[in-house]
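**Student:** All residue numbers for the sequence shown refer to our numbering, where the first residue is 3 and numbers rise by one.
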Amino acid sequence: MVDLAEVQTVYYMVAATGVLVAAFYYVVNLRETMRNRRATFASNILQTFTSQEGMLNWLDLGNMQWRDWDDYVKRYDSSVNRENFGKRVAFWNTCESIGYQYRTGAVDLETVYNVCGAYVIQSWAKFKPIVERYREWEWAKDTYSNWERLADALEKLQGERDRDFKKKTETMWEVQRKSLTQ
3 MVDLAEVQTV YYMVAATGVL VAAFYYVVNL RETMRNRRAT FASNILQTFT
53 SQEGMLNWLD LGNMQWRDWD DYVKRYDSSV NRENFGKRVA FWNTCESIGY
103 QYRTGAVDLE TVYNVCGAYV IQSWAKFKPI VERYREWEWA KDTYSNWERL
153 ADALEKLQGE RDRDFKKKTE TMWEVQRKSL TQ
């Protein structure tokens, strides 16, 4: 006959196996969910950055010119140029959102780099002095800090892959500036 202790042992083993299978399923499901989130994120960012409207907005921002802080405020501050403010802040907030998602681990640096890394790096380089001045003037000290952190990480990654990248982009912006003044 079967002893009651043996039945209980078998029962505990079956229950433990069930728990292990459930835990394994949970881990697999969690990994798949993260992959799906990353794919959705990449798709959404692609739509933002690679749409015709997104590219034209980015180009408009890249073509902005100012001599100093006062000149910038006279031309582009929200109190004098609402259209530029809308384009600029929409783009900046997108970069900040991407930076936040990167910082919290919702998206990896490789994905951001491959989808929109150059836009984030170049835009931060252009607007860093403006953001820093706004931080001194009227914003919190950490405003757009996720964008800044992301741009720094992307620039480091870019430097590892293409040492001439920064020089190329600086040349690109200079050519665009010259063509606007002619």
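Yeah, the Cβ is synthetic: ideal placement off N, Cα and C, and Gly gets one too.
Values in this document were obtained by computation on a predicted structure and should not be read as measured data.
Is it buried or exposed for Trp60, if we count other Cβ within 10 angstroms and need 16 for buried?
**Tutor:** Taking the first residue of the sequence shown as 1, we reach residue 60 at position 58. It counts as buried.
**Student:** Go ahead and pull the three-state DSSP assignment for Ala44.
**Tutor:** In the sequence shown, residue 44 corresponds to position 42, counting from 1. Helix.
**Student:** Could you give the residue range of the alpha helix (DSSP H) that holds Arg69?
**Tutor:** Within the sequence shown, residue 69 is the residue found at index 67, counting from 1. Unbroken run through Arg69: none, as it is neither H nor E.
**Student:** So does the region 114–128 actually touch the region 51–66, counting three or more Cβ pairs closer than 8 Å?
**Tutor:** These segments touch.
**Student:** Taking its Cβ as the centre, do 16 or more other Cβ atoms sit within 10 Å of Lys89, making it buried, or is it exposed?
**Tutor:** As a working note, residue 89 is residue 87 in the sequence shown. Per the 10 Å Cβ criterion, buried.
**Student:** Compare the beta carbon distance of Asn148 and Gly101 with 8 Å and say whether it is the shorter of the two.
**Tutor:** Sequence index remark: in the sequence shown, residue 148 carries index 146 (1-based). Sequence index remark: in the sequence shown, residue 101 carries index 99 (1-based). Cβ atoms of Asn148 and Gly101: closer than 8 Å.
**Student:** Could you give the DSSP three-state label for Thr52: helix, strand or coil?
**Tutor:** Numbered from its first residue, the sequence shown carries residue 52 at position 50. Residue state, collapsed to three classes: helix.
**Student:** Return the residue from the list Leu32, Asn38 and Ala92 that minimises the CA-CA distance to Met57.
**Tutor:** Your numbering for residue 57 matches position 55 in the sequence shown. Answer by Cα proximity: Ala92.
**Student:** Measure the beta-carbon distance from Leu152 to Tyr104 and round it to whole angstroms, keeping in mind my assumption that it falls under 8 Å.
**Tutor:** In the sequence shown, the residue the question calls residue 152 occupies position 150. In the sequence shown, the residue the question calls residue 104 occupies position 102. Their Cβ separation, rounded to whole angstroms, is 5 Å, which keeps Leu152 and Tyr104 in contact under 8 Å.
**Student:** Could you compute how far the alpha carbon of Thr113 sits from the alpha carbon of Asp144?
**Tutor:** Taking the first residue of the sequence shown as position 1, residue 113 is located at position 111. Taking the first residue of the sequence shown as position 1, residue 144 is located at position 142. The straight-line gap from Cα to Cα measures roughly 24 Å.
**Student:** Measuring only the C-alpha atoms, how far is Gly119 from Glu162?
**Tutor:** What you label residue 119 is simply residue 117 of the sequence shown in a count that begins at 1. What you label residue 162 is simply residue 160 of the sequence shown in a count that begins at 1. In a straight line, the C-alpha of Gly119 is about 13 Å away from that of Glu162.
**Student:** Would you tell me roughly how many angstroms separate the C-alpha atoms of Thr42 and Phe26, rounded to the nearest one?
**Tutor:** On the sequence shown, position 40 is the one that residue 42 refers to. On the sequence shown, position 24 is the one that residue 26 refers to. Each residue's Cα considered, the two are about 24 Å apart.
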